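Visitor: Line by line, the protein sequences give chains H and P.
Count along the first sequence from 1, then add 86; that gives the number in my numbering.
Count along the second sequence from 1, then add 86; that gives the number in my numbering.
Backbone N, C-alpha and C define an ideal beta-carbon position, used for all residues, glycine too.
Every value quoted in this text rests on a predicted model; they were computed, and no experiment measured them.
Pasting a structure below so you can have a look.
Number of protein chains: 2
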Amino acid sequence: MKTLRKGLEILNTFKTNSQSQGVTEIAKKLGFHKSSTHGLLQALKDEGYIIYDSSTRKYSLGYKPLDLVGRISYRKDLREIARPIMQELSKKCDEDVALNILVEGRSISINVIESQNYIRHIIPLGKPYPLHCRAAGKVIMAYLSEKEIDEIIKRYGLPKFTPKTITRKGKLLAELGRIKTSGYSISRQEFGPEGVSLAFPIFNRDKIIMGSLSIHSTVNRMDKETEKRFVDEGLKASERLNQILELI
Amino acid sequence: MKTLRKGLEILNTFKTNSQSQGVTEIAKKLGFHKSSTHGLLQALKDEGYIIYDSSTRKYSLGYKPLDLVGRISYRKDLREIARPIMQELSKKCDEDVALNILVEGRSISINVIESQNYIRHIIPLGKPYPLHCRAAGKVIMAYLSEKEIDEIIKRYGLPKFTPKTITRKGKLLAELGRIKTSGYSISRQEFGPEGVSLAFPIFNRDKIIMGSLSIHSTVNRMDKETEKRFVDEGLKASERLNQILELI
DNA sequence: AAATTTGTTCGTATAATATGAACGAATTCC
DNA sequence: GGAATTCGTTCATATTATACGAACAAATTT
């Protein structure tokens, strides 16, 4: 299945801003042969994953991924329901707000509202992150069973990202206890040197943790007073979302 | 590049509702061997395109496509900008509203607002449609050059979908002329037997056609009066969007 | 409890890909 | 403006990955 993996690897090279790339450029980046890269690109193009501009002879990301996203309909519903609540929260806090769900022991943002703030703590959509080092993940972890927590730690470990990352299981469990008591999590520079985030749990109808709502700020902006305000707003927003999710 | 194509084919079998499938099921559907299908699924899983549930031993769509969509940032901006305008339009008309863009001679919906109407004219995200048979496409075509129109007809032809589909070039050009005069397009049962849609042009800063805003209804609901109201609302909405797009 | 179906692994025949070469076209350099 | 370089594309063949059947365990159905 090497060919498939190589094709998917090509898609990953399209980083941002509908950037376009040529055959040789991609081949060099991945250490592939120019000729086989060309063939892979044709297949990706035919399936709509990339778009070819014949005037520049360069490729950029296509719309097939959007098609696939459109098929995740249950999760799409959740996104639609959460959006207005998230927008309000983002407006009130003037920060980026994300909706995250648990997927195979990691947290993935499936919806992001971007603030107007000129320094923004960017949250990439669809990218899996470890649970132990971010507010969005810690609050999910707090509501998992001890067995599930053990499995996740066994699978991914507790990798260190900054000096403040929690890397010992005992310390993590204590933190998860505190989170469960207070009903929200906070991460100060545990994943990146400038980021501070808050997160609030989202449950399904059966009261099983399914994700989190998170507010993403920076260490400079997050003083004690602001934190208190964000906690209030975040709790209100997540409770509202949880109430709606109980009804449907 | 057969392996790559096969892998991508597998993704297409996940139709709706986060439906999950087993190895044999997928293999049968595509006529692949059980064993190689298994290998392909592993690769797709490792890259996040599908998710494996070990309790049911079935696969469903993953979140990698969402990640890829997140990278289409310019086009994402357009979606964010258009959303509130589309929501208002959808609310006013109580119909599904779509934002469509021109990609390689076909129209793709990159944003859809769903109405509360219990019979809805569903618009799939990310799926390319021919231009000549739907309102969303015809209005785009109307603002293309004759050379571009010729190329598109040459490439895709004018396939017939219903008795009302325009299949002759002369007739199509006449229709495109009318559209350019009135500033919007309408398709009555030209693509499906029940669908009626209206569409309004969206231009970029350089006044080049880039897509359309469309209202999707059914033949039963769309009487003369309703049509007039939708045209008014649609023109207002698209003009507002075009104004914003000129500024940024 | 037996029978069937399903998921997974393995070895080898077979078919697909990797690679270098080659060429025209586009682009860059002088 | 012409030479030199880079780039995209195609082709033939050596090499390598995949397809396939077989086999088995686990789950599911009968």
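By how many angstroms is the C-alpha of HIS207(H) removed from the C-alpha of THR142(P)?
Guide: 38 Å
Visitor: Starting from the Cα of ILE187(H), find the closest Cα among THR99(H), PHE286(H) and LEU90(H) and give me that residue.
Guide: PHE286(H)
Visitor: Check the Cβ of PHE100(H) against every Cβ in chain P and list those closer than 8 Å, keeping chain order.
Guide: Within 8 Å Cβ-Cβ: LEU154 and ARG157.
Visitor: Whose C-alpha, out of LYS257(H), THR89(H) and LYS266(H), is nearest the C-alpha of VAL119(H)?
Guide: As written in the sequence, residue 119(H) is His, which differs from the Val given in the question. Nearest of LYS257(H), THR89(H) and LYS266(H) to HIS119(H), Cα basis: THR89(H).
Visitor: Exposed or buried, SER140(P), counting other C-beta atoms within 10 Å across all chains shown (16 or more means buried)?
Guide: By the neighbour-count criterion, in which 16 or more other beta carbons inside 10 Å mark a residue as buried, SER140(P) falls on the exposed side.
Visitor: Can you tell which of PRO216(P), GLU234(P) and GLU133(P) has its C-alpha closest to the C-alpha of LEU243(P)?
Guide: For the record, residue 243(P) in the displayed sequence is Gly; it is not Leu. Selected option, being the one with the closest Cα: PRO216(P).
Visitor: Got a sec, what are the start and stop residues for the beta strand (DSSP E) TYR242(P) sits in?
Guide: Not the beta strand (DSSP E): TYR242(P) falls in the alpha helix (DSSP H), residues 232 to 242.
Visitor: Select from the region 171 to 191 of chain H all residues with a C-beta closer than 8 Å to any C-beta belonging to chain P, and list them in chain order.
Guide: Residues of the region 171 to 191 of chain H with a C-beta less than 8 Å from any C-beta of chain P: VAL189 and GLU190, listed in chain order.
Visitor: At the 7 Å Cβ level, is PRO216(H) part of the contact set with chain P, yes or no?
Guide: no
Visitor: Could I get the ranges of all uninterrupted beta strand (DSSP E) runs contained in the region 111 to 162 of chain H, with 3 residues as the minimum, in chain order?
Guide: 136 to 139 and 144 to 147
Visitor: Within 10 angstroms of its Cβ, does LEU333(H) collect 16 or more other Cβ (buried), or is it exposed?
Guide: exposed
Visitor: In or out: GLY117(P) buried (at least 16 other Cβ within 10 Å) or exposed?
Guide: Exposed, because fewer than 16 other Cβ atoms sit within 10 Å of the Cβ of GLY117(P).
Visitor: Between TYR149(P) and chain H, is the shortest Cβ-Cβ distance under 7 Å, so that the two count as touching?
Guide: TYR149(P) counts as touching chain H.
Visitor: Run through DSSP, which three-state label would PRO216(H) get?
Guide: coil
Visitor: Check the Cβ of LYS213(P) against every Cβ in chain H and list those closer than 7 Å, keeping chain order.
Guide: What LYS213(P) touches in chain H: ASP153.
Visitor: What does GLU237(P) reach in chain H if we use C-beta pairs closer than 9 Å?
Guide: One finds nothing in chain H with a Cβ atom closer than 9 Å to the Cβ of GLU237(P); even the nearest lies about 11 Å away.
Visitor: Going by CA-CA distance only, name the one from GLY148(H), LEU94(H) and ARG157(H) that's closest to LYS101(P).
Guide: ARG157(H)
Visitor: Could you tell me which of GLY212(H), MET296(H), GLY134(H) and LEU154(H) sits nearest to ILE226(H), measuring between CA atoms?
Guide: Considering only alpha carbons, the answer is MET296(H).
Visitor: Under 8 Å Cβ to Cβ from ASP153(H), same chain only, skipping five residues before and after it: list those, please.
Guide: GLY134
Visitor: So what does DSSP say about ASN186(P), is it helix, strand or coil?
Guide: strand
Visitor: Comparing the C-beta of ARG254(H) with each C-beta of chain P, is any distance below 7 Å?
Guide: no
Visitor: Taking three-plus beta-carbon pairs below 8 Å as touching, is the region 221 to 237 of chain H in contact with the region 288 to 303 of chain H?
Guide: yes
Visitor: With respect to the beta strand (DSSP E) encompassing THR304(H), which residues constitute its N-terminal and C-terminal limits?
Guide: 295 to 304
Visitor: Here's the rule I'm using: 16 or more other beta-carbon atoms within 10 Å means buried, otherwise exposed. How should ILE235(H) be labelled?
Guide: buried
Visitor: Name the chain H residues that come within less than 9 Å of GLU133(P), Cβ to Cβ?
Guide: By Cβ distance, chain H contributes LEU90, ARG91, LEU94, GLU95, LEU97 and ASN98.
Visitor: 7 Å is my cut-off, CB to CB: does ILE112(H) come that close to chain P?
Guide: no
Visitor: Compare the beta carbon distance of PRO214(H) and ILE194(H) with 7 Å and say whether it is the shorter of the two.
Guide: yes
Visitor: If you check the beta carbons only, do TYR138(P) and GLN107(P) fall under 7 Å apart?
Guide: Against a cut-off of 7 Å, the Cβ pair of GLN107(P) and TYR138(P) comes out as no contact.
Visitor: I'd like to know whether the C-beta atoms of CYS179(H) and PHE316(H) end up nearer to each other than 7 Å.
Guide: Against a cut-off of 7 Å, the Cβ pair of PHE316(H) and CYS179(H) comes out as a contact.
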